[in-house]
Structures are given as structure tokens and as C-alpha cells.
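For reference, the structure discussed in these notes is given below.
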Amino acid sequence: MVEPQRLLVVCLGNICRSPMAEGALRARLEQAGLRQVEVDSAGTGDWHVGLPPDSRAIATARRHGVDIAGLRARQLSKRDFDEFDWLLCADHANLRDVQSLAPRASRGRSVLFMEWAGLAGPVPDPYTGNESHFEQVWAQVDAAAQAAVARLLGRLTHNPGQATGDT
Ligand code: 4NP
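So in numbering that gives the first Met the number 0, the last spot in the sequence shown is 166, and the numbers never skip.
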């Protein structure tokens with residue numbers, strides 16, 4: 000079986016990329032029946048704490064059948080490094096910021112979200128962009144969510160009974 004694991008998607012503001020990625024992951028995991036994988040998101044910055052996702056992010060997710068309006072931004076905390084298995088960063092700057100906050104020994108491993116999913120590239124910040132930038136972000140994070148689910152399920156085929164939770 001797929002071992003329980005906890006994923007935290009991290010971007011700068013937690014109002015555009017990481018809530019979209021959280022929504023895409025939740026939707027794809029639910030479709031696949033993978034209830035043992037938990038997902039959350041956070042930002043390295045604190046400017047938008049307590050606020051819902053950017054209205055353009057909400058609208059984009061909604062166009063793809065996913066409701067992220069109920070999410071609220073929060074800032075990454077030191078505790079997250081022990082509570083999550085993976086800190087999935089949207090871009091290289093996020094990854095550097097996350098790594099600079101990481102305790103010397105912690106459960107969570109910090110990586111680029113797209114690379115963790117087996118795909119290429121950072122997820123560029125759409126905040127100062129337009130609707131098409133948000134659509135591009137959705138295409139990226141949803142592809143990563145689908146790839147992650149396929150990989151999690153693939154472990155069932157390739158390593159029956161031997162899931163280690165390190166995917
Ligand atoms: P996010 O986008 O990191 O994808 O949530 C941003 C949101 C807000 C800001 C920057 C990026 N900001 O500078 O306020």
C-alpha cells in the first residue's frame with residue numbers, strides 16, 4: 000500500500016502558486032483514492048497571512064473544476080520541517096529561502112515541486128502577470144499533481160508491499 004505522507008507546497012506569498020498546487024494535488028489524490036497523502040501549503044513571506052488565494056488563482060482553479068476559495072494563506076514555520084515529509088518549492092528562490100530556514104536535522108526534505116514530480120523547471124511567479132500566466136501555472140501544477148499520483152500508484156506495481164514513504 001501507499002504509506003501515509005505529508006506534502007507541503009511552498010511559494011512566496013501562499014496566494015497564487017502553492018494554493019493552486021495544493022488544490023490540484025488534493026483533487027488528483029482524491030480522484031485516485033489516495034486519502035493517506037495529506038497536502039497543505041505555505042508561503043515564505045507573511046504579507047498575505049490569513050487571506051484567501053488571489054482572485055485570479057481562485058478563478059483559474061474554478062475553470063478546472065477545483066475550489067480553492069476556502070484556503071487561507073499562512074507563513075512557513077520551523078515546525079513544518081518536522082511535520083511534513085516533503086517541502087515542495089515552486090521556484091529556486093523559494094527553495095533557497097526554505098533551505099536557509101531548515102533546522103540541521105529534520106524530517107522534511109526541501110526540493111523543487113516540479114522536479115519532485117519528475118518534471119522539469121520552476122513554477123514562475125504569476126503575481127504580476129495576467130490570466131494566461133495563471134493558466135500556465137495551473138497546467139504545470141496539475142501536470143505535476145498527476146505525475147505524482149501516477150508515481151505513488153506505480154510504487155504499488157513495482158514494489159508491492161514495500162512502499163517506504165520516501166517518494
Ligand atoms: P505566490 O505569488 O508566491 O505564487 O503566492 C506571489 C504573491 C504575492 C507576492 C509575490 C508573489 N507579493 O510580493 O506580494
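Quick reminder that beta carbons are idealized off the backbone N, C-alpha and C, glycines included.
Item, Value
"Nearest CA to the CA of residue 8: which residue from 64, 144 and 66?", "144"
"For residue 124, verify whether its CB is less than 7 Å away from any heavy atom of the ligand 4NP.", "yes"
"Beta-carbon within less than 8 Å of residue 33's beta-carbon, same chain only, minus the 5 sequence neighbours each way: which residues are those?", "1, 148, 151 and 152"
"Closer than 7 Å by C-beta to residue 18: which residues in its own chain qualify, once you throw out the five before and the five after it? Chain order, please.", "40, 52, 56, 67 and 70"
"Rounded to a whole number of angstroms, what is the C-alpha to C-alpha distance between residue 128 and residue 146?", "26 Å"
"Would residue 136 and residue 16 qualify as a contact pair, given that the criterion is a beta-carbon distance under 8 Å?", "yes"
"Give a yes or no on whether 8 Å exceeds the smallest Cβ distance from residue 127 to chain C.", "Absent here is chain C; the protein component of the structure consists of one chain."
"Could you check the C-alpha separation between residue 115 and residue 87 for me, to the nearest Å?", "7 Å"
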